[in-house]
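Notes to accompany the following structure.
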Amino acid sequence: MAPLTFIRCAACTLCCAAGAASALEGGVDTYGLGAEGTLAGALPPTGLYGIVYQNHYQARRLADDSGHSAIPGFRLYADSVTPRLILMTDTTLAGGQLGYYALMPLVDLRVSVPGKSDSRTGKGDLLMAPLLAYHSGMFHWGYALEFVMPVGDYDRNRLANIGRNYFSLRPIFGWSFHDPEGWDASTKMSLTFNRRNGDTDYRSGSYFAGDYNIGYRVRPHLRIGLEGYFLSQFSDDKLNGAVVSNDGNRAQVFGVGGGVQYEAPSGWSVEGKVVKDTSVRNRADGTSLWIRAAWRF
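As structure tokens, then:
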């Protein structure tokens, strides 16, 4: 069982060091890179399900548009616990099973640049979506339309911010090939379209992002796999209507790592993974640790 999205616990607004005044809102996402793995595209049968994600992310580098360090001495540490509810109904729509989900993270965020540091603990933005799930033999796929509601803690004068202070719309597609006795190949892909931050007049560009997993069952209830994520921003960041920097502050990252999943005979499961950022542009460059537990009520 796997849901289709999460929130990036490391989302924050950074004020430039060295006297620069603009906020580096570009390269920061509300998409939970790396949250999903095994069965990322498969939704469960009718019922109410709970999932809890725990994430630790740390970065000691903020990459510029060439992949070099943009702010020497940059540090970012973020920990989050995110409860999530998924309701799968017995209603059929367009040949798929109708469902809904909602989640909101609780985040402890610490960020520092030379001469300044900040920390914040509180709630992040609310994510809600309707979804449709499909199944055919070992193939599973689903669609969701996710709404990011800016209810998280935000202050334009803070170095660290948990909320984003703007609405986002995110169509999502998930797909899995899952052999209970062997291989699992799964991916979750999305497009994110952001509104303008009314407090800063900054509009973060749109981006394509997703997770992937290629795993194999090595024991009756144990799987290991190659897991990771990707993000590529395809439109420019804008401040006061003007394009930010020469390249529009377009972000990208490709994460590579490994994970292990245990699924109990009774149906609950727990999955853990470590993913390292590579090919980073215009965003934090770090390492992410995920633990995910799922069960049916």
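When the letters of the sequence shown are read in order and numbered with mature numbering (1 follows the signal peptide of the UniProt record, and there is no 0), they come out as residues -23 to -1, 1 to 274. Glycine is no exception: its CB is placed at the ideal position from the N, C-alpha and C atoms.
In this structure, DSSP gives Asn138 a state outside helix and strand, which the three-state scheme calls coil.
Boundaries cannot be given for Trp245, as no beta strand (DSSP E) includes it and DSSP labels it neither H nor E. Lys165 and Glu123 have their C-alpha atoms some 13 Å from each other. Under the 10 Å beta carbon count, Tyr193 is surrounded by fewer than 16 other beta carbons and is classified as exposed. Within the same chain, His198 come within 7 Å of Ala241 by CB-CB distance, once the 5 residues on both sides are set aside. For the set Gly175, Asp161, Ser243 and Gly182, the Cα lying nearest the Cα of Arg147 is the one of Gly182.
In its chain, beyond the 5 residues on either side, Leu109 have a beta carbon closer than 8 Å to the beta carbon of Leu70.
Here Asp161 is buried, its C-beta having at least 16 other C-beta atoms within 10 Å. Looking at the DSSP output, Thr98 shares a beta bridge with Asp85.
In this chain, Leu16 is not harboured by any beta strand (DSSP E), its DSSP state being neither H nor E. The continuous stretches of beta strand (DSSP E) do not include Asn259, and DSSP gives it neither H nor E. Assignment of Asn32 by DSSP, reduced to helix, strand and coil, places it in the strand class. Comparing alpha carbon positions, the residue from Arg133, Arg269 and Phe116 closest to Asp176 is Arg133. One Cα belongs to Asn174, the other to Arg200, and the distance between them is close to 42 Å. In this structure, Val233 lies near Thr255, with their beta-carbon atoms less than 8 Å apart.
8 Å or more divides the Cβ of Leu83 from the Cβ of Arg97.
Here Asp132 carries a coil assignment [DSSP, helix/strand/coil]. Residue pairing for Ser153: DSSP places it in a beta bridge opposite His117 and Ser163. Cβ atoms of Ala271 and Tyr26 come within 8 Å of each other, at about 7 Å.
By the CB criterion at 8 Å, Thr15 and Thr66 fall outside the cutoff. For Gly76, the enclosing beta strand (DSSP E) has its first and last residue at Gly73 to Leu80. With the rule of 3 Cβ pairs closer than 8 Å, the region 30 to 46 does not count as touching the region 137 to 144. With contacts defined by Cβ atoms closer than 8 Å, Gly187 and Phe170 do not form a contacting pair. Here DSSP, grouped into helix, strand and coil, assigns Arg227 to coil.
One Cα belongs to Trp245, the other to Gly99, and the distance between them is close to 28 Å. In the structure shown, the three-state DSSP call for Glu158 is coil.
In the structure shown, Ile63 adopts extended strand secondary structure according to DSSP, grouped into three states. In the DSSP secondary-structure assignment, Pro148 is bridged to Leu122. When rounded, the separation of the alpha-carbon atoms in Glu204 and Tyr111 is 23 Å.
By the neighbour-count criterion, in which a residue is buried when 16 or more other Cβ atoms sit within 10 angstroms of its Cβ, Arg260 is buried.
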